[in-house]
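Participant:
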DNA sequence: TTTTCGAATTGGAATAATTCTAATCTGTTG
DNA sequence: CAACAGATTAGAATTATTCCAATTCGAAAA
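Protein chains in written order, with this note's numbering: chain F, 1 to 142; chain X, 1001 to 1142.
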């Protein structure tokens, strides 16, 4: 626990095990991308992760980054954040929380789950169940 | 007022005036699209409005629908709703309210503004001002 | 360790949504 | 009714993402 920073979803030495546990084979690219996600920031796009990977000398194609992000998301290791209808963001923080979205530079900032209180959400329509409640606080340069 | 349904942003006889007031010239296509928006449902995509227009015999190209939706949005007559990173939705209801988003069929349902209470939104980062707070309740077939 | 098989990656083509552009057309004003 | 500013058009261009068939690679068996 001394060495556990919140937000790190992968620990370098355990990436293999973690992937296996998620039902994904620890292939070269997946391990490398997982390592990057474990070490760096919280909000990424396929494009940004691909750029990071290439900078780090990892040979991986954009299509594979897309596939991998979706696989990690399905496995519950990442969460997709919808704030921009033009680009998909992924968050390494899968716990309950919300976001500030800066419309000027299209960046995200986490808001801890407890910070915001959402009350009196009406019941969903017949036959529907609430999957989750997303709050996006859109901000602009003042 | 007897004849005023909430959600109707345009009244057939006043479309011209309303557009003019918004600083937009009441061209044939704009008037026609505005009339459609005034008469029909609340949530549309460029694609769906284009289909409606063509069905109604209005000759307008998809690019123009996009332009018009953005112009109306800028003029404050429509609001863009971001719920799907792959498609843009527009809402004829520009008042304060939120949405249910059904992930199975990608449809939106309004939640009145007063229905949900969002409390304790933390202050935005330095130099930023809150533009608006969006709540999306994602639902799935149970 | 080598073989083998099934699943994963690849690169590129395909698709979908949206924006851009240059030429043409049309409201509006004088 | 003439002229101009601004709008529309079709299609090309762009961007983000997905799909696909061929190749490669990881893991379990031999």
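Ideal placement from N, C-alpha and C gives every residue a C-beta, glycine not left out.
#1: When you compare only the Cα positions, how much space is there between residue 69 of chain F and residue 138 of chain F?
#2: Helix, strand or coil: how does DSSP classify residue 1085 of chain X here?
#3: Would you report the Cα separation of residue 1086 of chain X and residue 1045 of chain X, rounded to the nearest angstrom?
#4: Between residue 1140 of chain X and chain F, is any beta-carbon pair separated by less than 8 Å?
#5: Checking the sheet assignment: what are the DSSP bridge partners for residue 90 of chain F?
#6: Should residue 1014 of chain X go down as buried or exposed, given a rule of 16 or more other Cβ atoms within 10 Å for buried?
#7: With C-beta atoms as the reference, is residue 1101 of chain X less than 8 Å away from residue 1121 of chain X?
#8: Please report the residue range of the beta strand (DSSP E) in which residue 1141 of chain X lies.
#9: Say whether chain X places a C-beta atom closer than 8 Å to the C-beta of residue 117 of chain F.
#10: Taking 8 Å as the CB-CB limit, is residue 1127 of chain X close to chain F?
#11: Starting from residue 37 of chain F, trace the alpha helix (DSSP H) both ways and give me its first and last residue.
#12: Applying the criterion that 16 or more other CB atoms from any shown protein chain within 10 Å of the CB defines a buried residue, is residue 1105 of chain X buried or exposed?
#13: Name, please, each residue of chain F whose Cβ falls closer than 8 Å to the Cβ of residue 1100 of chain X.
#14: Considering only their Cβ atoms, is the gap separating residue 1096 of chain X from residue 1076 of chain X smaller than 8 Å?
#15: Here's a check: name, in chain order, each residue in its chain whose Cβ is nearer than 7 Å to the Cβ of residue 4 of chain F, leaving out the five neighbours to either side.
#16: Got a sec: is the Cβ-Cβ distance from residue 1088 of chain X to anything in chain F below 8 Å?
#17: So, helix, strand or coil for residue 72 of chain F, using DSSP?
#18: Would you check if the distance between the CB atom of residue 64 of chain F and the CB atom of residue 29 of chain F is smaller than 8 Å?
#19: Against residue 54 of chain F, what residues of chain X qualify as contacts under a CB-to-CB distance less than 8 Å, listed in chain order?
#20: Hey, would you say the C-beta of residue 1045 of chain X is under 7 Å away from at least one heavy atom of the ligand SAM?
#21: Expressed to the nearest angstrom, what Euclidean distance is found between the alpha-carbon atoms of residue 1067 of chain X and residue 1027 of chain X?
#22: Whose Cβ in chain F lies nearer than 7 Å to the Cβ of residue 1132 of chain X?
#23: Along the alpha helix (DSSP H) that carries residue 19 of chain F, what are the first and last residues, could you check?
#24: Buried or exposed for residue 61 of chain F, please, with buried defined as at least 16 other CB atoms from any protein chain shown within 10 angstroms of its CB.
#25: Taking the alpha carbon of residue 984 of chain X as the reference point, which residue from F/103, F/42, F/38, F/24 has its own alpha carbon closest?
#26: Opposite residue 1101 of chain X in the DSSP bridges: which residues?
#27: I'd like to know whether the C-beta of residue 1084 of chain X is nearer than 8 Å to at least one C-beta of chain F.
#28: What distance in whole Å lies between the Cβ atoms of residue 71 of chain F and residue 24 of chain F, which are believed to be in contact at a cut-off of 8 Å?
#29: Just to confirm before moving on: does the CB-CB distance between residue 130 of chain F and residue 1135 of chain X stay below 8 Å?
Facilitator: On the basis of the coordinates in this document:
#1: Reading the first chain from its first residue, position 69 is the one you call residue 69 of chain F. Reading the first chain from its first residue, position 138 is the one you call residue 138 of chain F. Each residue's Cα considered, the two are about 25 Å apart.
#2: Position 85 of the second chain, counting from 1, holds the residue named residue 1085 of chain X. DSSP places residue 1085 of chain X in coil when its eight states are reduced to three.
#3: Residue numbering aside, residue 1086 of chain X sits at position 86 when the second chain is read from its first letter. Residue numbering aside, residue 1045 of chain X sits at position 45 when the second chain is read from its first letter. The alpha-carbon atoms of residue 1086 of chain X and residue 1045 of chain X are separated by roughly 11 Å.
#4: Taking the second chain and counting its residues from 1, the one referred to as residue 1140 of chain X is at position 140. Yes, residue 1140 of chain X lies at the interface with chain F (some Cβ there is under 8 Å from its Cβ).
#5: By 1-based counting over the first chain, the position of residue 90 of chain F is 90. Answer by DSSP bridge pairing, in chain order: F/44, F/80.
#6: Position 14 of the second chain, counted from the start, is the residue given in the question as residue 1014 of chain X. Its Cβ having fewer than 16 others within 10 Å, residue 1014 of chain X is exposed.
#7: For the purposes of this step, residue 1101 of chain X is identified with residue 101 of the second chain, where counting begins at 1. For the purposes of this step, residue 1121 of chain X is identified with residue 121 of the second chain, where counting begins at 1. No, the pair does not count as a contact, with Cβ atoms beyond the cut-off.
#8: Taking the first residue of the second chain as position 1, residue 1141 of chain X is located at position 141. Residue 1141 of chain X -> beta strand (DSSP E) spans 1128-1141.
#9: Along the first chain, one-based indexing puts residue 117 of chain F at 117. Taking Cβ atoms only, chain X reaches closer than 8 Å to residue 117 of chain F, which makes this a yes.
#10: The residue labelled residue 1127 of chain X in the question sits at position 127 within the second chain. At least one chain F Cβ lies under 8 Å of residue 1127 of chain X.
#11: In the first chain, residue 37 of chain F corresponds to position 37, counting from 1. Segment 28-39, the alpha helix (DSSP H) holding residue 37 of chain F.
#12: Locating residue 1105 of chain X in the second chain gives position 105, counting from the first residue. A residue is called buried once 16 or more other Cβ atoms fall within 10 Å of its Cβ, and residue 1105 of chain X, having fewer, is exposed.
#13: Walking along the second chain from the start, residue 1100 of chain X turns up at place 100. By Cβ distance, chain F contributes 124, 125, 128.
#14: Mapped onto the second chain, residue 1076 of chain X falls at position 76. Mapped onto the second chain, residue 1096 of chain X falls at position 96. For residue 1076 of chain X and residue 1096 of chain X, no; Cβs fall outside 8 Å.
#15: Here residue 4 of chain F corresponds to residue number 4 of the first chain, with the count starting at 1. The predicted model places residue 4 of chain F with a pLDDT of 38, which falls under 50 and marks its position as unreliable; any figure quoted below should be read in that light. Within the same chain, residue 4 of chain F has no close Cβ partners at all.
#16: As a position in the second chain, residue 1088 of chain X is number 88, starting the count at 1. By this cut-off, residue 1088 of chain X is an interface position.
#17: Mapped onto the first chain, residue 72 of chain F falls at position 72. If DSSP states are grouped into helix, strand and coil, residue 72 of chain F belongs with the helices.
#18: To locate residue 64 of chain F, count along the first chain from 1; it is residue 64. To locate residue 29 of chain F, count along the first chain from 1; it is residue 29. Yes, the pair counts as a contact, with Cβ atoms nearer than the cut-off.
#19: Counting from 1 along the first chain, the entry for residue 54 of chain F is found at position 54. For residue 54 of chain F, there are no neighbours in chain X by C-beta distance under 8 Å, as the nearest C-beta there is about 23 Å away.
#20: Absent from the structure shown: the ligand SAM. Ligands present: none.
#21: To locate residue 1067 of chain X, count along the second chain from 1; it is residue 67. To locate residue 1027 of chain X, count along the second chain from 1; it is residue 27. Computed Cα separation, rounded: 13 Å.
#22: Residue numbering aside, residue 1132 of chain X sits at position 132 when the second chain is read from its first letter. Neighbours of residue 1132 of chain X on chain F, chain order: 138.
#23: As a first step, residue 19 of chain F must be located in the first chain, where it is residue number 19. Run containing residue 19 of chain F: 15-21, per the alpha helix (DSSP H) assignment.
#24: Within the first chain, numbered from 1, the residue matching residue 61 of chain F stands at position 61. Burial check for residue 61 of chain F: the Cβ neighbour count within 10 Å stays below 16, so the residue is exposed.
#25: An answer regarding residue 984 of chain X cannot be provided, because it is not within the stretch 1001 to 1142 covered by chain X.
#26: By one-based count along the second chain, residue 1101 of chain X stands at place 101. Residue 1101 of chain X is bridged by DSSP to X/1108, X/1138.
#27: Locating residue 1084 of chain X in the second chain gives position 84, counting from the first residue. Cβ-Cβ to chain F under 8 Å: yes for residue 1084 of chain X.
#28: By one-based count along the first chain, residue 24 of chain F stands at place 24. By one-based count along the first chain, residue 71 of chain F stands at place 71. So it is a contact: roughly 6 Å between Cβ atoms.
#29: Along the first chain, read from residue 1 onward, the residue named residue 130 of chain F stands at position 130. Along the second chain, read from residue 1 onward, the residue named residue 1135 of chain X stands at position 135. No, the pair does not count as a contact, with Cβ atoms beyond the cut-off.
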